[in-house]
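J.: Let me begin by handing over the structure; questions about it come next.
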Amino acid sequence: MYPEHPHYSPTERAMEVHRPTPIPPAVPAPAPVVPVQPGTVPAVASIILPDGRIVTGYAIDPTRPEPVAAPPAVSRTAVNVALGGVGFLTVCGGLLLLTSFIAALTAFISQLILLAAVVFGGWIAVQVLGTSVHQNGTTVNIRKAVIKRNHFHG
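Just so it is clear: in the sequence shown, position 56 is 1538 by the numbering used here, and no numbers are missing.
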């Protein structure tokens, strides 16, 4: 603790004071050296200032601005509208073909149903109205009928 001193009060003697230790500033790392191929070393230029001082350094090529792209001959909006129109026409043509296909398919199915009805109806008619066939052949019963004065005697 603190040494006994006559000017310290008992509460001051019990207090400890911490003083921060300053941290020395970090030394910046030296800039990396970029290896330069022989023959590509830029030229050294010297300039004499008006007050007589001489400044020597590498000559730097001025930065050239990026070339401005020429505006297109046709605006993007016009191209987008044209492409939208082509897409719309393609969809309309596809829908027209789809409706034509559905109509043709409906007509085809209705004709198949009609054909089946005719064939099945003909088969039923042959079964009902056809002659009866037995094992020995066809038997037809013919009776002699006498009609007198609009009265049938059989």
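Backbone N, C-alpha and C define an ideal beta-carbon position, used for all residues, glycine too. Keep in mind it's a predicted model, so treat the numbers as computed, not measured.
1. Taking all protein chains shown into account, do 16 or more other C-beta atoms lie within 10 angstroms of the C-beta of Met1483, making it buried, or fewer, making it exposed?
2. Mind reading off the beta-carbon distance from Val1469 to Thr1538? Whole number of angstroms is fine, and I expect it under 8 Å.
3. On the DSSP letters alone, give me the boundaries of the alpha helix (DSSP H) that Thr1572 sits inside.
4. Tell me Val1537's beta-bridge partners as DSSP assigns them.
T.: Quick answer:
1. Reliability of the predicted coordinates at Met1483 is poor, the pLDDT of 48 falling under 50, and no value is obtained from them.
2. Because the chain spans 1483 through 1636 in this model, residue 1469 falls outside it and cannot be assessed.
3. Arg1558 to Leu1611
4. Ile1529
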